[in-house]
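Sequential numbering from 0 applies to the sequence shown in numbering that gives the first Met the number 0.
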Amino acid sequence: MFIDANKLIETSSGAGSEDVRTVSKSESWLFFWLGNVSLLVFNIAINAIDIYAIITNDKNIGNDLNRAYNIPSSIAALILCFVTIRNHKRSFIISITSLLIIVSVMAASMIIKMPAKIVYYISVVSIGLSGVFSAIILSSSFALATQFAPESSTSVSSGNGLCGVLAAALRITTKAVFSSESSLKYSSFCYFILTAIIILATLIYFIKKVNQPSISSKFIFPAETVDIKSFLRSLKGTFKHISLLWIGCVLDFMITLTIFPGYVCAGPEGALKSWNPVCITTFFCIFDWLGRWLPSKFLWPSLNLTIFPILLRLLFFPIEIISLQKVLNLGEPWFTLFMQIPFAITNGYFGTTVMIYASIHPKLTDEQKKTAGFMMSFAINFGIIIAMFLTYAMPIPKA
């Protein structure tokens with residue numbers, strides 16, 4: 000049975016008038032672009048696998064980039080479950096500005112002449128730092144979205160999907176314009192500097208929107224004394240209601256990030272040659288965005304059954320291993336390339352569905368919904384950090 004997402008959102012919010020819908024749409028755009036910038040640097044990094052593979056002469060560099068970003072990001076997300084940010088307006092501005100500086104440094108490292116190893120370490124450290132600030136933006140976005148119209152959570156997730164498409168489009172364009180290997184530094188510089196421009200535009204847009212009184216007031220919380228026992232009881236009560244959604248979220252991202260991008264991008268290049276990792280990440284990003292958009296139209300299955308289709312995603316492990324280890328000749332690299340379609344759609348769709356259900360859970364109070372936003376954001380990162388360890392157990396694809 001499919002659930003009409005729009006009706007469910009309207010029922011949850013009690014919104015029906017045109018004025019309320021107009022305000023909601025304005026808020027949704029704000030959260031859409033926050034969702035986009037929250038994962039933009041990560042997507043820029045994984046779409047730059049071909050760059051770093053040439054710089055380091057290491058086809059398996061995708062796993063290094065994954066770990067460099069996701070381990071500090073996961074730790075930051077866990078801390079945010081227990082630390083209360085009062086002034087989200089300030090924390091967003093600081094975090095987005097930090098991402099702008101980090102990407103600018105990455106762009107400069109591509110054009111300034113220095114040993115390849117130095118470029119690699121600058122990039123890894125930069126990506127790691129970006130993981131911390133990205134976690135602040137992502138976790139806070141999902142938590143604050145519960146204070147606005149319910150579709151705001153969908154907008155954050157849809158923005159998460161857009162950044163992958165943007166990153167893929169930027170990499171394809173810059174790689175096509177500067178196609179020769181000798182032009183790699185120009186291609187890389189343009190790739191990162193265009194990303195910095197997108198982040199700068201997002202910062203300007205955020206500052207403009209957040210200064211509106213109706214929005215600004217919800218980004219700043221008054222100081223209050225926190226009773227630890229009451230807080231822990233609330234945390235326990237919140238988790239009791241969303242536990243299946245939380246576990247489903249962990250599994251969804253664990254499955255995805257164990258396989259993608261490191262394992263699938265290290266497979267045989269075939270006719271695609273150096274374009275293979277670019278094509279794989281592009282396919283994934285496009286269909287992941289599609290998957291994140293679909294829950295705005297319908298939700299399936301019901302709240303308590305969502306974990307079951309996520310468990311079915313475990314089948315992607317044997318399917319990809321059979322092909323990339325050449326247990327059966329399924330026609331690489333084309334099989335893995337087109338396998339990204341169902342793989343990415345299910346990742347985006349079910350990852351977004353569990354976030355929506357948590358943000359509008361009928362048994363949670365408004366305060367608990369905000370807590371659920373942080374807990375679900377940590378679930379994403381917890382699934383990713385498990386995946387980072389599982390990548391060590393994944394075999395190296397056969398050439």
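Glycine is no exception: its CB is placed at the ideal position from the N, C-alpha and C atoms.
(message) Going by C-alpha to C-alpha distance, which of 261, 396, 384 and 351 sits closest to residue 322?
(response) Minimum Cα-Cα distance from residue 322 among the listed residues 261, 396, 384 and 351 corresponds to 396.
(request) Please report how far the alpha carbon of residue 66 lies from the alpha carbon of residue 381, in whole angstroms. (result) Answer to the nearest angstrom: the Cα atoms are 13 Å apart.
(message) Between the alpha carbons of residue 251 and residue 361, how many angstroms are there, rounded?
(response) Approximately 23 Å between the Cα atoms of the pair.
(message) What residue range does the alpha helix (DSSP H) around residue 152 cover?
(response) From DSSP, the alpha helix (DSSP H) with residue 152 extends over 150 to 176.
(request) Would you give the residue range spanned by the alpha helix (DSSP H) that residue 141 belongs to? (result) Under the DSSP assignment, residue 141 falls in the alpha helix (DSSP H) whose first and last residues are 115 to 144.
(message) Once the 5 residues before and after residue 55 are set aside, which same chain residues still bring their CB inside 6 Å of it?
(response) Excluding residues within five positions, the ones whose Cβ falls inside 6 Å are 119.
(message) Run through the DSSP bridge pairs and tell me what residue 86 is partnered with.
(response) Residue 86 is bridged by DSSP to 219.
(message) Under 8 Å: do the region 71 to 82 and the region 129 to 142 share three or more Cβ pairs, one atom per stretch?
(response) With the cut-off at 8 Å, the region 71 to 82 and the region 129 to 142 touch.
(request) Could you tell me the boundaries of the alpha helix (DSSP H) in which residue 49 lies? (result) In the DSSP assignment, residue 49 falls within the alpha helix (DSSP H) that extends over 48 to 55.
(message) Once the 5 residues before and after residue 39 are set aside, which same chain residues still bring their CB inside 6 Å of it?
(response) Excluding residues within five positions, the ones whose Cβ falls inside 6 Å are 162.
(message) Would residue 312 and residue 351 qualify as a contact pair, given that the criterion is a beta-carbon distance under 8 Å?
(response) For residue 312 and residue 351, no; Cβs fall outside 8 Å.
(message) For residue 369, count the other beta carbons within 10 Å of its own beta carbon; 16 or more makes it buried, fewer makes it exposed. Which is it?
(response) Around the CB of residue 369, 16 or more other CB atoms lie within 10 Å, so the residue is classed as buried.
(request) Could you check how far apart the C-beta atoms of residue 319 and residue 345 are, in whole angstroms? I think they sit under 8 Å. (result) With a Cβ gap of about 14 Å, residue 319 and residue 345 do not count as contacting.
(message) Quick check: the Cα distance between residue 230 and residue 107, rounded to an integer number of angstroms?
(response) Cα to Cα, the separation comes out at about 45 Å.
(message) Classify residue 333: buried if its beta carbon has 16 or more other beta carbons within 10 angstroms, exposed otherwise.
(response) Residue 333 should be labelled exposed.
(request) Count the other CB atoms, across all protein chains shown, that sit within 10 Å of the CB of residue 210; report buried if there are 16 or more and exposed otherwise. (result) Residue 210 comes out exposed.
(request) Consult DSSP for residue 382 and reduce its assignment to one of helix, strand or coil. (result) Residue 382 falls in the helix class under three-state DSSP.
(message) Do residue 186 and residue 376 have their beta-carbon atoms positioned less than 8 Å apart in this structure?
(response) Not closer than 8 Å, so no.
(message) Only counting the same chain, and skipping five residues up and downstream in sequence, which positions put a Cβ closer than 6 Å to that of residue 385?
(response) The residues are 253.
(request) Please report the residue range of the alpha helix (DSSP H) in which residue 390 lies. (result) Run containing residue 390: none; DSSP gives neither H nor E here.
(message) Tell me the DSSP secondary structure of residue 406 in three-state form.
(response) What is shown of the chain runs 0 to 398, which leaves residue 406 out entirely.
(message) For residue 308 and residue 177, I'd like the C-alpha separation in whole angstroms.
(response) So the alpha carbons of these two residues sit roughly 42 Å apart.
(message) Less than 7 Å between C-beta atoms, sequence neighbours within five positions excluded: which residues of the same chain meet that for residue 84?
(response) Answer for residue 84: 90 and 139, listed in chain order.
(request) Sort 325, 228, 310 and 68 by Cα distance to residue 123 and report the nearest one. (result) The shortest C-alpha separation from residue 123 is found at 68.
(request) Alpha carbon to alpha carbon, how far is residue 232 from residue 343? Give it in angstroms, no decimals. (result) Roughly 37 Å between the two C-alpha positions.
(request) Assign residue 364 to one of two classes, buried (16 or more other C-beta atoms within 10 Å of its C-beta) or exposed (fewer than that). (result) Residue 364 should be labelled exposed.
(request) Leaving out five residues on either side along the sequence, give the residues of the same chain with a beta carbon under 6 Å from the beta carbon of residue 256. (result) Taken in chain order, the residues that qualify are 383 and 386.
(request) Can you check the region 245 to 302 for any alpha helix (DSSP H) of at least 4 residues that lies completely inside it and give the ranges in chain order? (result) Segments of the alpha helix (DSSP H) lying fully in the region 245 to 302: 261 to 264 and 275 to 292.
(request) Identify whether residue 400 lies in helix, strand or coil by the three-state DSSP scheme. (result) Outside the modelled stretch of the chain, which goes from 0 to 398, sits residue 400, for which no answer is possible.
(request) Label residue 304 either buried or exposed according to how many other C-beta atoms from any shown protein chain fall within 10 Å of its C-beta, with 16 as the threshold for buried. (result) Exposed.
(request) For residue 111, name the three-state secondary structure that DSSP assigns. (result) If DSSP states are grouped into helix, strand and coil, residue 111 belongs with coil.
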